[in-house]
Amino acid sequence: MQRCIYAIPSSSVFPRDTISRIEKNSTSSDASPSLRATLHELSSGLKIEVAEKLSDLNVSNFVMTPVKRNYAFERTDVPIGEQYVLKINYPYKDPAVPADLRGEHFHALLGTNNSALELFLIKRKIKGPSWLSISKFVACPSTQRVSWCKFEVTVDSPKDISVLMTSTTLEVPPVVVAAVNLKTIINEKHNVHEIVSASVICCHQVKIDTPMRSEDWQKRGTISHFTVMRKLEGSIFPIGLTKEASDRNQKAGSNVLALESSERALLNRLMIELSKLDCDVLVGHNISGFDLDVLLHRAQTCKVPSSMWSKIGRLRRSVMPRLTKGNTLYGSGASPGIMSCIAGRLLCDTYLCSRDLLREVSYSLTQLAETQLKKDRREVSPHDIPPMFQSSEHF
1 MQRCIYAIPS
11 SSVFPRDTIS
21 RIEKNSTSSD
31 ASPSLRATLH
41 ELSSGLKIEV
51 AEKLSDLNVS
61 NFVMTPVKRN
71 YAFERTDVPI
81 GEQYVLKINY
91 PYKDPAVPAD
101 LRGEHFHALL
111 GTNNSALELF
121 LIKRKIKGPS
131 WLSISKFVAC
141 PSTQRVSWCK
151 FEVTVDSPKD
161 ISVLMTSTTL
171 EVPPVVVAAV
181 NLKTIINEKH
191 NVHEIVSASV
201 ICCHQVKIDT
211 PMRSEDWQKR
221 GTISHFTVMR
231 KLEGSIFPIG
241 LTKEASDRNQ
251 KAGSNVLALE
261 SSERALLNRL
271 MIELSKLDCD
281 VLVGHNISGF
291 DLDVLLHRAQ
301 TCKVPSSMWS
311 KIGRLRRSVM
321 PRLTKGNTLY
331 GSGASPGIMS
341 CIAGRLLCDT
351 YLCSRDLLRE
361 VSYSLTQLAE
371 TQLKKDRREV
381 SPHDIPPMFQ
391 SSEHF
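In terms of the UniProt record's numbering, the sequence shown has 184 at position 184, counting the first letter as 1, and numbering is strictly consecutive.
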């Protein structure tokens, strides 16, 4: 996939009278050799200037072609309507061109910040969830994989991927949805949240086109859950908790409760379990404003290896993206760095959804449980957690 940038030329580059005369004499304005030759001749100065600008940015491999495009948006420095512009293609591995770059022969650049995914979706006309036809693909060797996906392929061109025309007759596949909830304590010395436990409940067969019937939720294997917790620093687990965890796991037939010795071990275990689930959607109440922020910052602080923390998404990463300072206020949203970490998974924040769809005095999970589900939910604050470690009965 290559970047696609449009340089908006000055009015003197493509004189309207010259272009109109040649187009009128051409049987096909898109394919006429004389028109193409004239366009390249008229844009020679523009191409030389753009080439110099790209060279200054260490971009050496690029292709430039005059094309006709129609602009209909709000920028005042770009003329409205059809016009000839200079289309520039170069690899995404090279740096992005500054959006405010100007020159003698051009006064604006469009598409400088478009992501490869955005460009791919537009070029291949993928307008939403749909079946795709992938041709001329090659299975990617395990040593060259860039994702945690179970099956990974490569294609030489984006044109080898297209929307399947008969997709309307195929059944929509279910998605895997995992809800994540963290319990934290506050480190008074550093004034940061530290993770004490993490719980995940997962539905493996969620329909996205129709509501799920009550009997579908009751099917064996539809729902799974697990909790991983650690002991507090400088203390031990309450007497009897280890046996309680063992009994619960034996009764459930799987590890539904795991006990770890440190926060780093807890994070490693959580990432392993999330990787096994390979969920399509991550759900949480204020997950974008708190849980993901705390989770990734603690992984960074505890020096969890990239081979572990990057499993929160579907892309393998060697370097943690820049994480802006977390905002624990409800509805603060996730930073671009956090969103890049979960690439490959969708994010559903029930706080943001409830705020958009409901009229409530408070949008806390406890309040919503009471008003919407008629359920009493006990709120556990960070200050409530340390006393719980005095006895296993408190858990």
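C-beta atoms are modelled at their ideal positions from N, C-alpha and C, and glycine is treated no differently.
Nearest C-alpha to residue 95 among 129, 110, 55: 55.
If the five residues before and after residue 84 are omitted, its C-beta is found closer than 6 Å to the C-beta atoms of 14, 66, 68, all from its own chain and listed in chain order. Of all C-beta pairs linking the region 163 to 181 to the region 193 to 210, three or more are shorter than 8 Å, placing the two stretches in contact. Counting every other CB atom within 10 Å of its CB across the protein chains shown gives residue 93 a total below 16, marking it as exposed. Beyond the five residues adjoining it in sequence on each side, residue 252 comes within less than 8 Å, by CB distance, of no other residue in the same chain. Residue range 241 to 252 is occupied by the alpha helix (DSSP H) that includes residue 249.
Excluding residues up to 5 positions away in sequence, 199, 200, 201, 202, 256 lie with their Cβ nearer than 8 Å to the Cβ of residue 225 in the same chain. For residue 387, the enclosing alpha helix (DSSP H) stretches over residues 385 to 388. Put simply, the backbone Cα of residue 209 is about 9 Å away from that of residue 173. Per the C-alpha coordinates, the member of 32, 305, 234, 348 positioned closest to residue 269 is 305. Going by DSSP, residue 348 is part of the beta strand (DSSP E) stretching over 346 to 349. Only residues of its own chain outside the window of five on either side were considered, and among them 230 have a CB closer than 7 Å to the CB of residue 262, listed in chain order. In the structure shown, the three-state DSSP call for residue 392 is helix. Beyond the five residues adjoining it in sequence on each side, residue 53 comes within less than 8 Å, by CB distance, of 97, 101, 103 in the same chain, given in chain order.
Note on geometry: alpha-carbon atoms of residue 238 and residue 369 lie some 30 Å from one another.
Close CB contacts of residue 108 within its chain, under the 6 Å cut and outside five residues either way in sequence, are with 8, 77, 78 (chain order). Membership of residue 229 in the beta strand (DSSP E) is indicated by the continuous run 223 to 230. In this structure the region 380 to 387 does not touch the region 341 to 361; the number of beta carbon pairs closer than 8 Å is below three. The alpha-carbon separation between residue 12 and residue 90 amounts to approximately 26 Å. Counted as a single uninterrupted DSSP element, the beta strand (DSSP E) harbouring residue 64 occupies residues 63 to 71.
Note on the region 136 to 173: whole beta strand (DSSP E) runs with a minimum of 3 residues are 161 to 163, in chain order.
According to DSSP, residue pairing for residue 175 in a beta bridge involves 206.
For residue 159, the closest of 245, 193, 143, 134 by C-alpha to C-alpha distance is 134. Shown here, residue 317 sits in coil according to DSSP, grouped into three states, outside any helix or strand. The beta carbon of residue 279 sits closer than 7 Å to the beta carbons of 176, 177, 178, 202, 345 from its chain, once the five residues preceding and following it are set aside; these are given in chain order. By the criterion of a C-beta distance shorter than 7 Å, residue 185 is surrounded in its chain by 194, 196, 382, 385, 386, once the five residues flanking it on both sides are discounted.
One alpha carbon belongs to residue 187, the other to residue 234, and they sit about 13 Å apart.
Residue 3 has 90 as its beta-bridge partners, per DSSP. Distance from the CA of residue 362 to the CA of residue 372, rounded to the nearest whole angstrom, comes to 12 Å.
Counting every other CB atom within 10 Å of its CB across the protein chains shown gives residue 338 a total of 16 or more, marking it as buried.
The alpha-carbon of residue 80 is positioned some 42 Å away from that of residue 170. The way I'd put it, the region 143 to 158 does touch the region 305 to 316; three or more beta-carbon pairs between them come closer than 8 Å.
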